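Student: Below is the structure I would like to discuss, written out as structure tokens.
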Amino acid sequence: MKVLKDKSGVWSLESGVENKSRLRREGVEDERKSRLFIHNSFNQKQPQTTDHRLQTTPLLQTPNSRLQTQIALFASGTGTNAEKIIDHLRDHPSITVALVVCNKPGAGVLQVAERNGIPVLLIEKERFFRGDAYLAELAAYGIDFIVLAGFLWKIPESLIRAFPRRIVNIHPALLPKYGGKGMYGSKVHEAVLAAGEKQTGITIHYVNEHFDEGEHIFQASCDLAETDTAEDIARKVHALEHEHFPQVVERLVMEAVNQG
575 MKVLKDKSGV WSLESGVENK SRLRREGVED ERKSRLFIHN SFNQKQPQTT
625 DHRLQTTPLL QTPNSRLQTQ IALFASGTGT NAEKIIDHLR DHPSITVALV
675 VCNKPGAGVL QVAERNGIPV LLIEKERFFR GDAYLAELAA YGIDFIVLAG
725 FLWKIPESLI RAFPRRIVNI HPALLPKYGG KGMYGSKVHE AVLAAGEKQT
775 GITIHYVNEH FDEGEHIFQA SCDLAETDTA EDIARKVHAL EHEHFPQVVE
825 RLVMEAVNQG
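Listed below in structure tokens is the structure:
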């Protein structure tokens with residue numbers, strides 16, 4: 575494995591959402607160690623208990639959480655990248671994974687969140703794209719930074735405007751190749767295989783209003799063998815993701831913190 579790009583000067587972030595973290599967060603008991611809290615917006619407008627184990631709350635914090643930068647992980651699938659980021663940032667002095675946002679009931683990432691005591695916001699398509707994009711909930715959790723870790727919906731412009739240069743995504747190929755609408759997961763690896771590529775890799779980039787077209791932050795590559803299958807390619811790419819994504823996220827967030 576080798577790093578292709580770690581572009582100079584692109585780690586700095588614009589400010590603009592720092593004050594979101596100051597919204598009414600006092601006096602809320604932190605129960606994340608024992609229970610998973612879900613705001614399920616599919617069938618109700620207000621949070622309610624979804625079963626005897628999963629309860630809701632609009633707001634959670636640790637006693638010192640506002641000394642930290644709060645990040646939200648958006649994911650649609652098994653949550654392997656999300657879990658690597660959670661593990662990497664566990665007990666971090668400056669960064670808290672405060673929320674997991676998921677658009678797919680039953681996705682594996684929900685179990686990842688539960689195991690790690692992280693609240694979940696389960697979102698509904700109509701409100702995400704044609705409503706307020708859940709900005710109120712993100713503000714209530716004091717979210718400063720958003721990481722897309724296998725999230726398959728396009729991000730609405732209202733959310734991009736609210737978090738300028740504070741939403742990042744990972745793509746399982748060396749963009750600009752094999753990007754765009756419909757290019758995700760196994761579809762990307764099958765396209766790489768069909769094209770006879772000798773290398774593939776990952777791209778971490780800022781999110782803009784177009785699929786996979788935001789400014790590149792980081793790329794890493796791996797060599798491909800003639801005998802590799804799409805599954806082999808997927809394993810190599812996942813190894814790159816797990817190695818680099820958590821470190822890049824930490825560096826981006828810390829740059830934002832240091833710039834105030």
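Heads up: the sequence shown begins at 575 in my numbering, then just goes up one per residue. Every residue gets a Cβ at the ideal spot worked out from N, C-alpha and C, and that includes glycine. Model, not experiment: these values are computed from the prediction.
Can N677 and S650 be called in contact, C-beta distance under 9 angstroms?
Tutor: What you label residue 677 is simply residue 103 of the sequence shown in a count that begins at 1. What you label residue 650 is simply residue 76 of the sequence shown in a count that begins at 1. Taking 9 angstroms as the Cβ cut-off, N677 and S650 qualify as a contacting pair.
Student: Please list the terminal residues of the continuous beta strand (DSSP E) segment that includes E797.
Tutor: Residue mapping note: residue 797 aligns to position 223 of the sequence shown, counting from 1. The residue asked about is misnamed: residue 797 is Asp in this sequence, not Glu. Element bounds for D797: H790 to D797.
Student: So the candidates are L647, A707 and G775; which of them puts its Cα closest to the Cα of K699?
Tutor: Position 125 of the sequence shown, counting from 1, holds the residue named residue 699. Looking at the Cα atoms, A707 is the closest of the given residues.
Student: Drop a sphere of 10 angstroms on the beta-carbon of H745, count the other beta-carbons inside from all chains shown, and report buried for 16 or more, exposed for fewer.
Tutor: Mapped onto the sequence shown, residue 745 falls at position 171. Result: buried.
Student: Are there 16 or more other CB atoms within 10 angstroms of the CB of S795, so buried, or fewer, so exposed?
Tutor: Working through the sequence shown from its first residue, we reach residue 795 at position 221. Buried, by the Cβ-count rule.
Student: Straight-line CA distance for Q642 to V766?
Tutor: Here the question's residue 642 lines up with position 68 in the sequence shown. Here the question's residue 766 lines up with position 192 in the sequence shown. Taking the straight line joining both Cα atoms gives about 40 angstroms.
Student: Give me the DSSP bridge partner(s) of L647.
Tutor: Stepping through the sequence shown from its first residue, residue 647 is reached at position 73. According to DSSP, which records beta bridges pairwise, L647 is partnered with V674 and V721.
Student: Which value, in whole angstroms, describes the spacing of the CA atoms of I720 and I729?
Tutor: Your numbering for residue 720 matches position 146 in the sequence shown. Your numbering for residue 729 matches position 155 in the sequence shown. In a straight line, the C-alpha of I720 is about 11 angstroms away from that of I729.
Student: Does the beta-carbon of D786 have 16 or more other beta-carbons within 10 angstroms, so that it is buried, or is it exposed?
Tutor: Numbered from 1 along the sequence shown, position 212 holds the residue referred to as residue 786. So D786 counts as buried.
Student: Which runs of the beta strand (DSSP E) fall wholly inside the stretch 657 to 716 and span at least 3 residues, in chain order?
Tutor: Fully enclosed beta strand (DSSP E) runs of 3 or longer: 669 to 676 and 694 to 696.
Student: Tell me whether Q773 sits in a helix, a strand or coil according to DSSP, three-state version.
Tutor: Numbered from 1 along the sequence shown, position 199 holds the residue referred to as residue 773. Strand.
Student: Report yes or no: do the stretch 798 to 809 and the stretch 776 to 786 share at least 3 C-beta pairs separated by less than 8 angstroms?
Tutor: No, they do not touch.
Student: Tell me whether I729 sits in a helix, a strand or coil according to DSSP, three-state version.
Tutor: Residue mapping note: residue 729 aligns to position 155 of the sequence shown, counting from 1. I729 falls in the coil class under three-state DSSP.
Student: Decide if G756 is buried, meaning its Cβ has at least 16 other Cβ atoms within 10 Å, or exposed.
Tutor: Numbered from its first residue, the sequence shown carries residue 756 at position 182. That one is exposed.
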